[in-house]
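Contents: one structure, followed by commentary.
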Ligand SMILES: CC(C)(COP(=O)(O)OP(=O)(O)OC[C@H]1O[C@@H](n2cnc3c(N)ncnc32)[C@H](O)[C@@H]1OP(=O)(O)O)[C@@H](O)C(=O)NCCC(=O)NCCS
């Protein structure tokens, strides 16, 4: 056998290419992304497809979400291609201020690990800026991708509770919580 060659009968392991993931500030192009994400499949766990007026209202609001440590709305880029959105914002939980987070990846890119990678990047971004200890996520119990992200990133499942989303619609949501403080050594 030649040194460095693969022995006969041993399959060569092909490692899938890992995309370079970046989080970009929200800008005017965000409206196109909101439209691309506004499909029945994508909005299955988020209250369904939204009107153009609602998307425009979101776009106006998201353009103001550039407040690190408080509220940030970001676009997810994988190898330079925009593949989704991710955000965090301040909320109140059990009488104390906290963060809430949410994420979306375009259907063509589901299942590639991009949701986990984007959420990890978001938490790494927030951790040094955070002025609150906990970040919460509230996926519906039947949303495997979103619950999968929480589980993979070490969120703790606290239970299920009725939550209002979208406005006026109450349904059961999982309550996931992550402690942003570094673990004690
Ligand atoms: C939720 C969402 C962002 C996940 O993005 P994604 O890039 O497909 O997620 P990932 O590929 O990083 O997978 C995350 C985890 O969930 C699991 N998962 C993803 N889709 C799954 C599915 N359909 N069934 C079972 N498990 C699934 C993955 O296996 C992975 O866990 P693992 O690494 O332990 O295997 C994406 O499905 C989405 O945009 N959904 C519509 C919008 C939405 O519901 N957002 C959440 C609001 S709370």
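In the working numbering, the protein residues as written are 29 to 213.
The beta-carbon is built from N, C-alpha and C at its ideal position, and this holds for glycine as well.
Any idea if residue 129 is buried or exposed, counting beta-carbon neighbours within 10 angstroms, 16 or more meaning buried? The residue you call residue 129 lines up with position 101 of the chain shown. With 16 or more Cβ atoms within 10 Å of its Cβ, residue 129 is classed as buried.
Is the number of C-beta pairs between the region 187 to 197 and the region 137 to 149 that are closer than 8 angstroms three or more? The region 187 to 197 is not in contact with the region 137 to 149.
Which of the three DSSP states is assigned to residue 152 in this structure? Residue mapping note: residue 152 aligns to position 124 of the chain shown, counting from 1. Residue 152 falls in the helix class under three-state DSSP.
Report the residue from 101, 88, 91 and 133 whose alpha carbon sits nearest the alpha carbon of residue 109. Taking the chain shown and counting its residues from 1, the one referred to as residue 109 is at position 81. The closest CA to that of residue 109, considering only 101, 88, 91 and 133, is found on 133.
Which first and last residues belong to the alpha helix (DSSP H) in which residue 193 is found? For the purposes of this step, residue 193 is identified with residue 165 of the chain shown, where counting begins at 1. That residue, residue 193, is in no alpha helix (DSSP H); it is neither H nor E in DSSP.
Proximal residues to residue 75 (C-beta, below 8 angstroms), its chain only, five neighbours per side dropped: Numbered from 1 along the chain shown, position 47 holds the residue referred to as residue 75. Counting only Cβ-Cβ distances below 8 angstroms, and skipping sequence neighbours, we find 193, 194 and 197.
With distances taken between CB atoms, is the gap from residue 69 to residue 135 smaller than 9 angstroms? Indexing the chain shown from 1 puts residue 69 at position 41. Indexing the chain shown from 1 puts residue 135 at position 107. Cβ distance < 9 angstroms, so residue 69 and residue 135 count as in contact.
Around the Cβ of residue 52, are there at least 16 other Cβ atoms within 10 angstroms (buried) or fewer (exposed)? In the chain shown, counting from the first residue as 1, residue 52 sits at position 24. Here residue 52 is exposed, its C-beta having fewer than 16 other C-beta atoms within 10 Å.
Distance, residue 179 Cα to residue 200 Cα: On the chain shown, position 172 is the one that residue 200 refers to. On the chain shown, position 151 is the one that residue 179 refers to. Cα-Cα distance, rounded: 18 angstroms.
According to DSSP, is residue 127 part of a helix, a strand, or is it coil? What you label residue 127 is simply residue 99 of the chain shown in a count that begins at 1. Strand, per DSSP.
Suppose the cutoff is 6 angstroms on Cβ atoms and the five residues either side in sequence are ignored; what does the same chain contact list for residue 106 look like? Mapped onto the chain shown, residue 106 falls at position 78. Cβ contact annotation for residue 106 (same chain, cutoff 6 angstroms, sequence separation greater than five): 47, 49 and 142, in chain order.
Can you tell me whether residue 96 is buried or exposed? The criterion is at least 16 other CB atoms within 10 Å of its CB, across all chains shown. On the chain shown, position 68 is the one that residue 96 refers to. Burial check for residue 96: the Cβ neighbour count within 10 Å stays below 16, so the residue is exposed.
On a CA-only basis, which of 169, 209, 208 and 164 is nearest residue 120? Give me that one, please. Within the chain shown, residue 120 is the residue found at index 92, counting from 1. If we check each option's Cα against that of residue 120, 164 comes out closest.
Sequence-distant residues of the same chain with beta carbon closer than 7 angstroms to residue 90, five excluded per side: As a position in the chain shown, residue 90 is number 62, starting the count at 1. Counting only residues of its own chain and dropping the five nearest sequence neighbours on each side, residue 90 has a CB closer than 7 angstroms to the CB of 54, 58 and 101.
Cutting at 6 angstroms between CB atoms, please list the residues of its own chain near residue 177, excluding the five before and the five after it. Within the chain shown, numbered from 1, the residue matching residue 177 stands at position 149. Excluding residues within five positions, the ones whose Cβ falls inside 6 angstroms are 143, 144 and 147.
Determine the direct distance from the alpha carbon of residue 191 to that of residue 203, and round the result to whole angstroms. Counting from one through the chain shown, the residue named residue 203 turns up at place 175. Counting from one through the chain shown, the residue named residue 191 turns up at place 163. So the two alpha carbons sit approximately 10 angstroms from each other.
Assuming the contact rule is C-beta atoms closer than 8 angstroms, residue 155 and residue 208 should be a hit. Round their C-beta distance to whole Å, please. Walking along the chain shown from the start, residue 155 turns up at place 127. Walking along the chain shown from the start, residue 208 turns up at place 180. In this structure residue 155 is in contact with residue 208, their Cβ atoms being roughly 5 angstroms apart against a cut-off of 8 angstroms.
Nonlocal neighbours in the same chain, by C-beta distance under 7 angstroms from residue 171, ignoring five residues either side: Along the chain shown, one-based indexing puts residue 171 at 143. Within the same chain, residue 171 has close Cβ partners 73.
Using a threshold of 8 angstroms, is the CB atom of residue 205 nearer than that to any non-hydrogen atom of ligand 1? Sequence index remark: in the chain shown, residue 205 carries index 177 (1-based). The answer is no for residue 205.
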